[in-house]
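Q: The structure is given below, and queries will be raised subsequently.
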Amino acid sequence: MALYTITFLGTMAYRPTESRTLVSTYVGTDDMHLMVDCGEGAQSRMVQAGITLGGEIIVFVSHKHAEHFLGLFGLAITMRVMAPEARLRVFAESETLARLQTVAKALDDRFVGGLTFEPFREGVFYENKTSTLQAFPLQHLVPSALLLLN
Ligand SMILES: [Zn+2]
């Protein structure tokens, strides 16, 4: 059984406050870096929390509202410079992926080249030696998903 370290990087919707940034949660195990959403300010909060990323990073974007993903591109640019071997595998439903890919295309590929975008399917969409990730549809204003980590 894997030991998970969960760090709430941001817990705000729409706008940050003095003490809270936009939505993002980091889950670390011995063999996985997982980010559930990546709102603006996520990478600053990771620095403050002493979280160092590298290798494969799984990013699950729950839906297409901007506060759930605007931190992704700054993080990708930083990773390109600080850990060029790192790969950010971004999983999202199709409408969200389309929006993410539009933003990525507007940026220079030299800076966001470590990003890959993959649609998740309902059920298990990722697994490694110790963990699985499962997505479930969630009722929200737009197509959304809930993540189950086992
Ligand atoms: Zn929303």
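Positions in the sequence shown are counted from 1; adding 125 to them yields the numbering used here. Glycine included, C-beta positions come from ideal geometry on N, C-alpha and C. Predicted, not measured: the structure shown is a model, and the values here were computed from it.
Assuming Gly153 is part of the alpha helix (DSSP H), what are its boundary residues?
A: No alpha helix (DSSP H) contains Gly153, which is instead part of the beta strand (DSSP E) from 149-154.
Q: Using only alpha-carbon positions, find the residue among Ser256, Thr142, Met160, Thr130 that is nearest to Ser187.
A: For Ser187, the nearest C-alpha among the options comes from Met160.
Q: Count the other C-beta atoms from every protein chain shown that fall within 10 angstroms of the C-beta of Arg140, then say buried if there are 16 or more, exposed otherwise.
A: Flag for Arg140 reads exposed.
Q: Report the rounded CA-to-CA distance for Ser256 versus Arg145, giving the unit in angstroms.
A: Going from the Cα of Ser256 to the Cα of Arg145 covers about 29 Å.
Q: Under 8 Å between the Cβ atoms of Gly239 and Ala260?
A: Not closer than 8 Å, so no.
Q: Exposed or buried, which one is Thr130 when buried takes at least 16 other CB atoms within 10 Å?
A: Exposed.
Q: Hey, out of Pro209, Ile176, Val152, whose CA is closest to Ile183's CA?
A: The shortest Cα separation from Ile183 among Pro209, Ile176, Val152 belongs to Val152.
Q: Do the CB positions of Leu134 and His158 come within less than 8 Å of each other?
A: It is not a contact, given that the beta carbons lie outside the stated cut-off.
Q: Return the chain-ordered list of same chain residues with a C-beta closer than 6 Å to the C-beta of Leu273, the five sequence neighbours on each side being excluded.
A: For Leu273, where only same-chain residues beyond five positions count, the Cβ hits under 6 Å are Gln259.
Q: Scan the segment 169-207 and note each continuous beta strand (DSSP E) run of 3 residues or more that stays entirely inside, going in chain order.
A: Listed in chain order, the complete beta strand (DSSP E) runs (minimum 3 residues) inside the segment 169-207 are 181-185.
Q: State the Cα-Cα distance for the pair Pro268 and Ala201, rounded to the nearest angstrom.
A: If you take the alpha carbons of Pro268 and Ala201, they lie about 25 Å apart.
Q: If you pair each beta-carbon of the segment 221-230 with each one of the segment 246-255, do three or more pairs fall below 8 Å?
A: They do not touch, by the three-pair rule.
Q: Which of the three DSSP states, helix, strand or coil, is assigned to Ser219?
A: DSSP places Ser219 in helix when its eight states are reduced to three.
Q: Buried or exposed for Glu243, going by 16 or more other Cβ atoms inside 10 Å?
A: Per the 10 Å Cβ criterion, exposed.
Q: Suppose contacts are defined by Cβ-Cβ distances below 8 Å. Is Val148 in contact with Asp162 by that definition?
A: Yes.
Q: Can you tell me the Cβ-Cβ gap for Phe198 and Leu232, rounded? I've got them flagged as a contact below 8 Å.
A: The pair is a contact, with the Cβ atoms about 6 Å apart (cut-off 8 Å).
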